[in-house]
Each structure stands twice: as structure tokens, then as C-alpha cells.
Amino acid sequence: MAKGTRRARDARAATGPRPARGPRPAAPVTLERLDAYRWRIPADARRGMRVDGLVFADDRLMASLRDDPALEQVANVATLPGIVGASLAMPDIHHGYGFPVGGVAATLVDGGVVSPGGIGFDINCGVRLLRSDVDEPEVRARLDALADALFDAVPSGVGARTGRRLSGPDMERVLRDGARWASDTGRAWDSDLRLTEDGGRLAGADPSAVSPRARQRGADQLGTLGSGNHFLEVQVVERVVDPVAAEAFGLAPGRVTVMIHCGSRGLGHQVCTDHLATMDRVVARHGIELPDRQLACAPLGTPEADAYLGAMAAAANFAWANRQLIADATREAFARVLGRPATRLGLHQVYDLSHNIAKLETHVVDGREVRVCVHRKGATRAFPAGRPELPDAYRTVGQPVLVPGDMGRASWVAVGAPGSLERSFGSACHGAGRLLSRHAALRQLKGVDVAGQLRREGILVRAERRDLLAEEASIAYKDVEAVMDTAVGAGLVRAVARLRPLAVIKG
Amino acid sequence: MTSSSSSPTERSPSTSSPAARGHELRPHTADAAICAWAPTLTTLLEEAAAGLAELSADVEPEAVPPNGPRRERVEVRALDLDALVVAWLNELIALVDIHGALTGTRVEEAARDAPGGEWRLRAEATLVPFDGRLVRRRDDVKSATYHRLAVRQGPSGAWALDCIVDV
């Protein structure tokens with residue numbers, strides 16, 4: 001709206017200062033230190049809190065969190081009806097809307113609520129990791145060609161489209177069957193589904209609860225990365241610290257990996273928007289008082305909650321099909337550039353996990369097993385060995401936990417540890433966590449050629465919007481090492497392998 | 508809900524000219540806040556839409572399709588004024604994702620059915636398809652949020668709003 005914008009600016013210039021004040025700042029919350037990695041927000045810190053807040057952070061992370069409104073959001077989440085244990089903040093927590101990003105909340109299936117804000121707009125945003133038998137030197141020699149091939153093969157950027165629209169029946173199958181739809185159309189290896197959370201198909205999907213508008217938004221976005229912090233990254237295993245788990249995951253030092261981070265695109269956004277609006281209308285009817293309207297929720301078992309969970313599962317399935325198509329395109333690009341089939345390159349999937357989702361799970365609360373709805377918003381399931389939900393291949397090792405860092409430093413593969421079941425409803429961090437606002441990052445790096453700087457460090461970048469790369473530069477994120485130190489120190493995960501970026505595809 | 512009102516509040520605008528209208532985008536961690544001000548509620552909603560348009564696309568002045576822009580009708584109902592603002596922006600976000608850059612809106616009506624009743628909005632939005640050249644996508648706006656949403660009318664009768672959108 002170039003013309004309208006100019007009019008508005010002219011009007012402001014003519015009539016003096018802008019009257020609006022902007023969003024107000026948050027009040028600080030009470031924090032008590034429990035140990036080196038845990039902080040408690042007592043349940044009496046804010047009116048209406050039903051449980052404590054519990055923040056996983058070491059001194060370094062807490063130093064950047066002290067004045068962050070995310071802590072107030074942790075307290076707000078503690079007011080949700082039926083919440084048990086504590087309102088949890090993972091080590092990479094940062095300010096969201098309603099729920100903090102990096103928030104985990106478990107609500108009783110019997111008497112609790114589901115809140116779409118506790119999953120987020122990008123339903124089943126998640127991470128997939130492929131490993132390979134290819135060594136770094138071979139990829140390094142063809143890295144420019146490989147980056148170009150991946151950039152061409154995987155549409156990225158704001159509003160990325162495939163140029164193909166899913167038919168109505170295909171959309172129905174994607175929403176119902178997720179990655180299985182891609183498998184049935186020949187775009188998955190058998191092991192892909194086994195090594196995807198929930199087999200790439202979340203039970204209980206109800207396509208009829210996904211609006212026509214949501215379908216319309218998603219119809220030509222399947223197989224696309226999108227923009228923002230989403231990426232596809234070619235990496236190398238730099239270091240292995242847990243050889244047993246690394247061997248189980250197929251990771252060896254010097255071998256190339258591919259990490260894919262994206263979600264359910266416009267379809268998921270619309271599902272969240274639609275159902276938040278519905279729940280907003282019924283909150284008062286259910287007698288629920290909330291400190292923040294963005295926490296709109298409905299009691300589990302009500303028609304509103306059932307409809308949301310059915311639509312959320314369908315959107316999650318869309319996201320799994322999305323990452324499956326991107327993995328398929330990645331294998332084709334590797335095969336083309338390196339001159340042999342992906343099977344001979346050993347491009348097997350390590351795992352695919354969701355970090356924006358709600359799951360019905362069994363956990364021990366106050367010494368007794370209960371069914372809870374675990375909301376993970378910017379948090380990864382991190383189950384240790386033995387949980388029945390894990391694929392056979394990892395049952396005795398534990399679930400891979402994929403922790404993307406930033407495009408200039410590193411990412412980590414970890415494995416769920418027993419402490420996660422004791423302390424975080426089987427959850428851990430989902431990334432490094434944002435440190436600077438997008439605007440602040442752009443300001444601090446004004447005039448800096450971020451892609452050029454990365455190239456000098458041996459990392460190639462292909463991006464739709466090179467001018468916006470600064471928003472995703474290393475300085476915009478917390479140090480993933482600090483996040484991992486806390487996640488490991490608190491007993492939520494064990495570190496397995498550190499991955500260093502070679503080439504990054506961004507929106 | 509942290510702040511909400513269709514009537515004057517302590518944080519009401521105090522502009523010297525009640526005829527002023529405009530909008531501004533402000534950074535918010537990974538998101539952005541749309542701040543708008545206008546003499547009437549309908550023009551306030553148009554200004555908020557202009558803020559969203561600026562956030563979501565870059566449109567060159569010569570970008571006019573041969574058959575003119577696409578025209579879409581928007582009709583929204585909501586429990587209160589805050590919900591009306593969020594629903595209005597969310598309608599526009601979906602239209603941008605589906606059809607193209609927002610080049611203008613005309614809000615014909617934004618009013619209550621009856622005192623204390625639901626709010627309704629009728630409007631028209633014009634959009635031009637993205638072509639990557641004259642009409643370029645900017646930020647992928649996911650949704651308008653209630654987070655620290657504030658809609659208020661000042662003593663002079665002028666209106667202002669702040670709305671954080673998830674980008």
C-alpha cells in the first residue's frame with residue numbers, strides 16, 4: 001500500500017506527534033533460585049496462579065531473561081484451569097504472545113483445558129534431520145552447486161508457493177494421513193515414517209474441523225519452507241560426545257547431515273486463528289478468567305476443545321507431509337549434484353519431531369499416573385529410553401532431540417534423559433532462542449554483508465531476501481551452547497553430537 | 508486482556524488535531540506492533556489495515572494490473588471492539604496470503620448491533636497479485652494477537668490502537 005502509507009505519513013507530519021503509546025511494558029515477577037539450573041516463580045506471585053512457574057536457566061541465560069516479559073507469561077500460563085506440576089519454561093524461552101516461546105504446560109484431561117496459544121500459530125513447526133555416508137570434503141567440493149540445487153528444489157521465502165495446487169481429495173488425505181500420504185505417493189523411504197514422531201500421522205485428525213479458508217491457504221504451500229527462522233541447512237558432524245547414541249542415530253564425525261526446520265505454513269496459521277476466535281467466544285460461558293485474552297481456551301471434552309484438537313492434528317499432519325516432501329526434494333538434489341542415488345549416499349532420516357503441538361500423554365504427577373494434555377510451544381518432546389512412544393530403533397537409547405542453533409555457529413543433537421520425565425513432562429529446548437528483536441538485529445548489522453561474512457567463514461547462504469538475513473544472524477540468538485548446558489545440567493537431555501553448518505537455505 | 512475499551516481511557520490520545528490519521532510499525536521481539544490513530548473508528552481500522560499492508564508487502568506505485576485490483580468483501584462479527592480489530596486484521600492477513608498485496612481498504616461500517624451487543628464490520632479490500640517485481644512480499648504475517656492489544660478513544664473523540672502481530 002505505497003500510496004496509503006504515504007498519505008498516512010503526510011497526515012502525521014502535518015498534525016504533530018503520534019498519539020498512540022505503543023504496547024505497555026510488563027511488571028517484573030518474583031523469582032527464587034532452586035539450584036544452578038532452575039528458578040521458581042511462586043504460585044502466590046500473581047493473582048490466579050494455580051501452580052508455580054519453573055524456569056530452566058543458568059546464570060548466563062537468566063541474565064538476559066530478568067527483564068523479559070516472558071517470565072510474566074510463564075506466570076500467566078500458571079492460571080490455566082487444570083494445569084498440574086508447574087508452568088514450565090525451557091532454557092531457550094523468550095517472549096511470545098499469551099504463552100512464552102519455550103513454554104510447556106500440562107493440563108488434566110479430566111478437568112483441564114486446551115489452549116491453542118499453547119501450541120502457537122505454526123502448528124507442528126518442527127525439525128527433521130537426515131544423516132549421510134558422505135564426508136565433508138566431497139560436499140565441500142560441490143557446495144555451491146549443492147546450495148543452488150537445494151535452493152531451486154525447495155521453494156522458500158514469504159508466501160512461498162510450489163506452483164501446484166493440492167486437489168480436494170489429496171488435501172483431505174494429507175490432513176488425515178500426514179507423511180503417510182507422501183509415502184503412498186512414492187516420496188518417502190520406509191524408515192522415514194518409523195523415525196518420525198507419531199509416525200508422521202497424529203491420531204484424531206478431523207479434516208472437517210479445518211476451514212475452507214485454511215485449506216485454500218495451504219493448497220499450494222505443501223513442500224515449501226516459508227520464511228522467518230525456517231531453514232534448510234547442510235551440516236557436518238563436528239564432534240560426537242555420546243558415541244553409543246550417535247551410533248544408534250547413524251551419526252559419525254565428518255559425515256554430512258541435513259536439517260530441515262519448518263511447519264504447517266498458512267494452513268496451520270489459519271487453523272489456530274479460527275479456533276482461537278471460537279474459544280474466545282466461549283471462555284466466559286465456561287466461567288474461565290484469564291489474565292491475557294491470547295490464552296483463550298476450552299475445557300477438554302467440550303465440542304470447542306474437540307474441534308480444535310481434531311483440526312490441530314490435521315494441521316500437524318499437513319506439516320509432516322510438508323517436511324516429507326522437502327526431505328524428498330533434498331534427496332533428489334543431493335543425488336543430482338553428487339552423481340549417485342540418495343540410497344547410495346545413505347541419506348537416511350535420523351528423526352522428525354514437532355516443537356509446536358499438544359499431546360495427550362501419561363505422566364506421573366504427585367506420585368500418581370495421570371492423563372494430561374501437554375502443550376509444547378517452542379519445546380521439544382524429549383522422552384528417555386523405555387517410553388512406549390519411541391520407535392523400536394531408539395527404544396533402548398532414547399528419543400533424538402534436535403536443537404537448531406543459529407546459522408553461523410552450530411546445532412546439537414541430544415537424546416532425552418530420565419530427568420525430563422521427572423521435571424518437564426518429558427520436554428526440552430527447541431533451539432537457541434531469540435535474544436534480539438528482528439529490528440534490533442537489523443539495526444546492529446546495518447551495512448554488514450551477513451552472507452559475505454558467513455562465506456568467509458566457509459558457510460554458503462542462499463536466501464530469497466538477503467537484506468533480511470541480519471534478522472537471523474548469530475547475534476540475534478542466544479548461544480546454543482548455553483542453552484544446551486542448562487538442558488544437560490538440569491537432566492532433561494544428554495548431548496550427543498554437535499553439527500556445524502556448511503550451507504544454509506533461507507526464506 | 509490487558510487493556511480494552513471503546514470508551515475514553517486514561518491512555519487516550521491527546522492529539523491537538525482530532526483530524527489526524529496515520530500508522531506506524533514498531534518492533535516487538537520476533538514480531539511487530541501496528542500502531543494507528545484516526546479521527547473515527549472506521550478510519551482507524553483503515554489505518555490499521557494500512558499498517559498491515561506496509562508490513563506484508565512492498566508495492567511499487569505503477570503496479571496496477573490491466574484489469575484493476577481484485578476487490579474482496581469483508582464482513583466480520585465480534586463480541587467486543589478488541590475482537591473486532593483482531594478479526595478484521597486476521598481477515599486481511601488471510602486475503603493477503605491467498606490473493607496478493609493489500610492496496611487499500613474502505614470500511615463502510617464498524618458499529619454495535621445495539622448498546623451492549625455484538626460488533627459488526629463491513630468493508631471492501633483491494634489487492635494486487637504478488638509478482639516478485641512490482642509487488643513483493645515482505646513479512647509473513649501469521650496473525651493479529653490480543654497480546655497487549657489496546658483500542659481507545661480520547662477526550663477529543665480521536666481513536667488509537669496498538670496491535671501486536673505474529674510475524
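Those protein sequences? They're chains A and B, same order as listed.
Take the first sequence: its position 476, counting from 1, is numbered 476 in the numbering used here, and each next residue is one higher.
Take the second sequence: its position 50, counting from 1, is numbered 557 in the numbering used here, and each next residue is one higher.
Ideal Cβ positions, reconstructed from N, Cα and C, are used throughout, including at glycine.
For aspartate 135 (chain A), the closest Cβ of chain B is not nearer than 9 Å. For alanine 557 (chain B), same chain residues with a beta-carbon under 7 Å away, outside a window of 5 residues either side, are His530 in chain order.
In the three-state reduction of the DSSP assignment, asparagine 356 (chain A) falls in the strand class.
Cβ contact annotation for valine 642 (chain B) (same chain, cutoff 6 Å, sequence separation greater than five): Val566, Ala570, Ala608, Val635, in chain order. In the DSSP secondary-structure assignment, alanine 86 (chain A) is bridged to A:Asp52. In the three-state DSSP reduction, isoleucine 123 (chain A) falls in the coil class, being neither helix nor strand.
In the three-state reduction of the DSSP assignment, arginine 239 (chain A) falls in the strand class. Around the Cβ of asparagine 574 (chain B), a 10 Å sphere holds fewer than 16 other Cβ atoms; the residue is exposed.
By the C-beta density criterion, aspartate 620 (chain B) is exposed, having fewer than 16 other C-beta atoms within 10 angstroms.
Taking all protein chains in view, the Cβ of serine 208 (chain A) is surrounded by fewer than 16 other Cβ atoms within 10 Å, so the residue is classified as exposed. Nearest to leucine 143 (chain A) by C-alpha distance, out of A:Asp467, A:Ala482, A:Ile459, A:Tyr477, is A:Ile459. The Cβ atoms of valine 237 (chain A) and alanine 248 (chain A) lie no closer than 9 Å to each other. In the structure shown, cysteine 297 (chain A) adopts coil according to DSSP, grouped into three states. Taken through DSSP and simplified to helix, strand or coil, threonine 547 (chain B) comes out as coil. Using a Cβ-Cβ cut-off of 9 Å, proline 534 (chain B) counts as an interface residue toward chain A, since at least one Cβ of chain A sits closer than that to its own. Taking the Cα positions, glycine 489 (chain A) is about 54 Å away from alanine 617 (chain B). Taking C-alpha positions only, leucine 596 (chain B) is separated from tyrosine 653 (chain B) by approximately 11 Å. By the Cβ test, the region 572-587 of chain B is not in contact with the region 544-560 of chain B, since fewer than three Cβ pairs between them sit closer than 8 Å. Interface flag for threonine 549 (chain B) against chain A is unset, since no Cβ pair is found closer than 9 Å.
A direct Cα-Cα distance of roughly 20 Å separates histidine 355 (chain A) from valine 84 (chain A).
Not a single CB atom of chain B sits nearer than 9 Å to the CB of threonine 79 (chain A).
For a Cβ distance threshold of 8 Å, nothing in chain A lies close to leucine 596 (chain B): the least Cβ distance comes to about 10 Å. Across the structure, leucine 548 (chain B) and arginine 217 (chain A) are spaced so that their CA atoms are roughly 29 Å apart. Taking C-beta atoms as the reference points, phenylalanine 334 (chain A) and leucine 195 (chain A) fail to come closer than 9 Å.
Secondary structure note for aspartate 565 (chain B): its beta strand (DSSP E) is the uninterrupted segment 564-566.
The region 444-453 of chain A and the region 467-474 of chain A touch, with no fewer than 3 CB-CB distances between them shorter than 8 Å. Within 10 angstroms of the beta-carbon of leucine 65 (chain A) lie 16 or more other beta-carbons, which makes it buried. By the CB criterion at 9 Å, glycine 53 (chain A) and valine 29 (chain A) fall inside the cutoff.
Only exposed fits threonine 396 (chain A), as fewer than 16 other CB atoms lie within 10 angstroms of its CB. C-alpha of phenylalanine 383 (chain A) to C-alpha of glutamate 72 (chain A): approximately 28 Å in a straight line. Leucine 591 (chain B): member of the alpha helix (DSSP H) spanning 588-606, first to last residue. Considering only B:Glu554, B:Val648, B:Val614, B:His606, the residue with the shortest C-alpha distance to leucine 668 (chain B) is B:Glu554. In this structure, lysine 649 (chain B) places its C-beta atom within 9 Å of the C-beta atom of phenylalanine 121 (chain A). Secondary structure at isoleucine 260 (chain A): strand, using DSSP grouped into helix, strand and coil. Taken atom to atom, the span from the alpha-carbon of proline 418 (chain A) to that of valine 496 (chain A) is near 15 Å. Taking a C-beta cut-off of 7 Å against chain B, the contacting residues of the region 280-296 of chain A are Asp280, Arg281, Asp292, Arg293, Gln294, listed in chain order.
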